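Just so you know, the protein sequences line up as chains E and A, in that order. According to this note's numbering, the first sequence is numbered sequentially starting from 2. According to this note's numbering, the second sequence is numbered sequentially starting from 5. Heads up: the structure comes next, in structure tokens.
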Amino acid sequence: MSKTNDIEELTRIANELRIDIIEMLHKSGSGHPGGSLSAIDILTALYFSRMSHSPGSTNDSDHDIFILSKGHAAPAVYAALAKSGYFDKSHLGTLRQIDSILSGHPYSQSTPGIEVTTGSLGQGLSMANGIAIARKLDRRSSRVFCMMGDGEIQEGQIWEAAMTSAHYKLDNVVGILDNNGLQIDGFCHDIMSLEPIGDKWRAFGWEVIEINGHDMSQILDSLDEALTIKYKPTLIWAHTVKGKGVSFMENVAKYHGTTPTDEELQRALLELTASGN
Amino acid sequence: MSKKENLSLRDAYGETLVELGGENPHVVVLDADLSGSTRTSKFAKKFPDRFFNIGIAEADMMSTAAGLAVAGKIPFASTFAVFASGRAWDQVRQSICFSKLNVKIVASHGGITVGEDGPTHHAMEDLALMRVMPNLTVIVPVDAVETASAIRVMAQTNGPMYLRTAREKFPVLYDKGEKFNIGKGKELKNGSDVAIIACGLMVSVALEAAEQLEQDGISTAVINMSTIKPIDSELILRVAATTGSIVTAEEHSIVGGLGSAVAEVVCENEPVAAVVRVGMKAQLAQSGKPKELLELYGMNKSSIVGAAHRAIALKREPAHKSGSSS
Ligand SMILES: Cc1ncc(C[n+]2csc(CCOP(=O)(O)OP(=O)(O)O)c2C)c(N)n1
Ligand SMILES: [Mg+2]
Chain E
2 MSKTNDIEEL TRIANELRID IIEMLHKSGS GHPGGSLSAI DILTALYFSR
52 MSHSPGSTND SDHDIFILSK GHAAPAVYAA LAKSGYFDKS HLGTLRQIDS
102 ILSGHPYSQS TPGIEVTTGS LGQGLSMANG IAIARKLDRR SSRVFCMMGD
152 GEIQEGQIWE AAMTSAHYKL DNVVGILDNN GLQIDGFCHD IMSLEPIGDK
202 WRAFGWEVIE INGHDMSQIL DSLDEALTIK YKPTLIWAHT VKGKGVSFME
252 NVAKYHGTTP TDEELQRALL ELTASGN
Chain A
5 MSKKENLSLR DAYGETLVEL GGENPHVVVL DADLSGSTRT SKFAKKFPDR
55 FFNIGIAEAD MMSTAAGLAV AGKIPFASTF AVFASGRAWD QVRQSICFSK
105 LNVKIVASHG GITVGEDGPT HHAMEDLALM RVMPNLTVIV PVDAVETASA
155 IRVMAQTNGP MYLRTAREKF PVLYDKGEKF NIGKGKELKN GSDVAIIACG
205 LMVSVALEAA EQLEQDGIST AVINMSTIKP IDSELILRVA ATTGSIVTAE
255 EHSIVGGLGS AVAEVVCENE PVAAVVRVGM KAQLAQSGKP KELLELYGMN
305 KSSIVGAAHR AIALKREPAH KSGSSS
């Protein structure tokens, strides 16, 4: 799949991947739609426009790396990897089944294009730092993108890693915060307040770019802007909607980990095909 | 005895917590954004002032629970078993266990029956990780009835404790009112040729295996060893004496859990007995349906039957046995 800068084309791809996500989760009967749908516009911009990557040369240190620290949104990455040609699309229908290459959470040992194993939250940014430090040692200019959930940043390790990125001036690290406002037990602000989010990251030495995580041109611009920030890491603080694109899933905590029924699948597909036109 | 009705251990935990909350104002509950799954949400609803959702921060939760215990509260702290044992291991060790604090860790989603979430979420090492902790009691209840009783006993008994529940419902083996005693295994069925010592879900599988073994003329004892630490060595040595062949069965790695605990007791004592462990032998599993995974990774009836035959084959002849005891 070749790269594009065309906003309409990227929007169309994101919609197509939303359909993949919903179909794959309907088939598997377990998994996480909400956080996959909130992340997919950003993933689309990365995989089909701004990230330098290619199937078959995943160990190439000139290529960028994406780490899904919020591993439960694996279906979103799987959809992007299939469309990018890392494996055949037919695998999407085997998600979470015995002998599938697609584990419930990203598992580097079984899926082409998955570089690190995640699922236990809070570990991705530290791994991103490790890769970024190695790239600097090797004098490579490639970048590491690490997507975190807003609930996930309650983990202390995220803040340990945030200090490390800044301390080592890792301008090749781009953190992406999928700020959809929800975690499992409810709204983040009810469970454990995160605000002021931007000030916290800035205080930790990061450049913060605040965007609407469903606005394709804002996403592209933020990824470009991050390239220009030198001697410090950048956080793309993306305001998103959990379940985005499927009306009855939007902003509903239950769809964090509830897959669509047969009837819900039909409703979702109707909506998504309508918005794809 | 087996009534075959399946009930949820985590529901039993949640309901018992609510009862305890009404009886004892010092009972407080903590969770790390999994209260719906662990069932502490029931307590949260009834006693919002005594419920603390710490967010996705298991390490913080464990040390906070330690602080609450220092100040005289009886904290129950819950999350998935993989995070309670792995993510916050050092906090459990230093903050809770070193000071023998009265913290009750009740971890849901134990074992491989977590299923489709995959290996990152399977808890196949938690018993090993928790068993090496100083001062920590480790409990794996067999069914909802025993869970409810164990939770009560935990609240009444001072000291740090870890109890593992599950995502899946387990067959109910005990009648209501059956009392759990810390450190005491229970012989559910006696037999003289081989003894199966099991915990959790594997106890009902062991009972099925025993049925088949009996049909093949092998007299089989089945023990529910619901306390992994302190382990009931007296009972283990008694069945070692009567059978000379022991099979252990657990929904856990064969390294470091029940099987290891039993083997340690048998190795260092008389009488000599063969011990064959049933549990997960693979390094890591994969995503799949709970039942499929139990079959694929050898935590099933046929593995137990096979292990029983092997243990019997390994059994030393009485003459050999007395010769080796010098
Ligand atoms: C260490 C750890 N603790 C708990 C969990 C269980 N868990 C999975 S997803 C999740 C909520 C994540 O919320 P958020 O990061 O906001 O993700 P999103 O809203 O994007 O789905 C929790 C608590 C986990 N996977 N890892
Ligand atoms: Mg969120």
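Even for Gly, the Cβ is constructed at its ideal location relative to N, Cα and C. Here the structure is a predicted model, which means the values were calculated and not measured.
Pair within 8 Å by beta-carbon distance, residue i and residue j
i      : j      : result
A4/A   : V86/A  : One cannot answer for residue 4/A here, as it falls past the ends of chain A, which runs 5 to 330.
L195/E : D151/E : yes
D37/A  : G157/E : no
Q290/A : S31/E  : no
G76/A  : H113/A : no
V142/A : I201/A : no
P34/E  : P261/E : yes
V396/A : A311/A : Here chain A comprises residues numbered 5 to 330, so residue 396/A is not present and cannot be evaluated.
V22/A  : F47/A  : yes
K305/A : Q216/A : yes
R171/A : T117/A : yes
L241/A : V269/A : yes
F146/E : D65/E  : yes
E120/A : G292/A : yes
I60/A  : Q219/E : no
V144/A : C203/A : yes
Residue of the options minimising C-alpha distance to residue i
i      : options                           : result
M134/A : M158/A, V146/A, A152/A and M165/A : M165/A
K71/E  : K84/E, G36/E and Y108/E           : G36/E
D147/A : A267/A, L13/A, Q160/A and E212/A  : L13/A
F67/E  : I177/E, A204/E and L221/E         : I177/E
G163/A : S103/A, G292/A and A278/A         : S103/A
D179/A : A199/A, E172/A and A152/A         : A152/A
A162/E : I132/E, D65/E and D139/E          : I132/E
S209/A : I227/A, V149/A and S264/A         : Inspection of the sequence shows that residue 209/A is occupied by Val rather than by Ser. That would be I227/A, whose Cα lies nearest to the Cα of V209/A.
R91/A  : G115/A, E62/A, Q98/A and A111/A   : E62/A
G244/E : E24/E, V253/E, L236/E and W238/E  : V253/E
S307/A : P294/A, M284/A, A317/A and L318/A : M284/A
V279/A : S264/A, R97/A, A286/A and L288/A  : S264/A
L96/E  : I23/E, K201/E, E211/E and I43/E   : I23/E
W202/E : H190/E, A74/E, L271/E and A167/E  : A167/E
N10/A  : V149/A, E272/A, T246/A and E299/A : V149/A
N28/A  : G18/A, A16/A, S45/A and R54/A     : R54/A
L288/A : G115/A, G204/A and R168/A         : G115/A
N194/A : E238/A, A214/A and P123/A         : A214/A
G122/A : G125/E, F249/E and I99/E          : I99/E
A77/E  : S62/E, S91/E, L26/E and V174/E    : L26/E
L270/E : G199/E, F249/E and E153/E         : F249/E
CA-to-CA distance, residue j to residue i, given in whole angstroms
i      : j      : result
S223/E : F49/E  : 15 Å
L82/A  : T231/A : The question names Leu, but residue 82/A in the sequence shown is Ser. Each residue's Cα considered, the two are about 19 Å apart.
T252/A : P138/A : 24 Å
I222/A : A315/A : 12 Å
N185/A : S41/A  : 27 Å
R156/A : I258/A : 29 Å
K4/E   : L18/E  : 16 Å
H215/E : A129/E : 24 Å
E191/A : T112/E : 46 Å
N6/E   : A80/E  : 20 Å
T118/E : L82/E  : 15 Å
Q267/E : S29/E  : 16 Å
V70/A  : R141/E : Per the sequence presented here, residue 70/A reads as Ala, with Val not at that position. Those two C-alpha atoms are separated by around 46 Å.
G182/E : Y256/E : 13 Å
R136/E : L171/E : 10 Å
L93/E  : M193/E : 35 Å
L332/A : E255/A : Any answer about residue 332/A is impossible in this case: the structure gives chain A only from 5 up to 330.
F205/E : G187/A : 49 Å
E296/A : Q110/E : 21 Å
K50/A  : E211/E : 39 Å
P322/A : M206/A : With a pLDDT of only 44 at P322/A, under 50, the local geometry of the prediction cannot be trusted, and the value read off the model is given with reservation. Roughly 30 Å separates the two Cα atoms.
M217/E : I43/E  : 8 Å
Contact belief for residue i with residue j at Cβ below 8 Å, rounded distance in angstroms
i      : j      : result
P107/E : G120/E : 7 Å
M241/E : S85/E  : Residue identity check: residue 241/E is Thr in the sequence provided, not Met. So it is not a contact: roughly 22 Å between Cβ atoms.
R13/E  : G246/E : R13/E to G246/E, Cβ: 13 Å. No contact.
Neighbour list for residue i in chain C, Cβ cutoff strictly below 7 Å
i     : result
D37/A : As a matter of chain content, chain C is missing from the structure shown, whose protein chains are E and A.
Selection of the stretch 46 to 78 of chain A by Cβ proximity to chain E, strictly under 7 Å: N57, I58, G59, I60, A61, A63 and D64
Contacting positions in the stretch 112 to 123 of chain E - beta carbon closer than 9 Å to chain A: T118, T119, G120, S121, L122 and G123
Members of the stretch 88 to 116 of chain A near chain E, C-beta cut-off 8 Å: G90 and R91
Proximal residues, the stretch 116 to 130 of chain A versus chain E, C-beta separation under 7 Å: E120, D121, G122, P123, T124 and H125
Residues, ordered as in the chain, of the stretch 283 to 306 of chain A that lie near chain E by beta-carbon distance below 9 Å: L288, Q290, S291, G292, K293, E296, L297 and L300
Contact residues within the stretch 99 to 112 of chain E, judged by C-beta distance below 7 Å to chain A: I99, S101, S104, G105, H106 and Y108
Chain-ordered residues of the stretch 193 to 220 of chain E with a beta carbon less than 8 Å from chain A: M193
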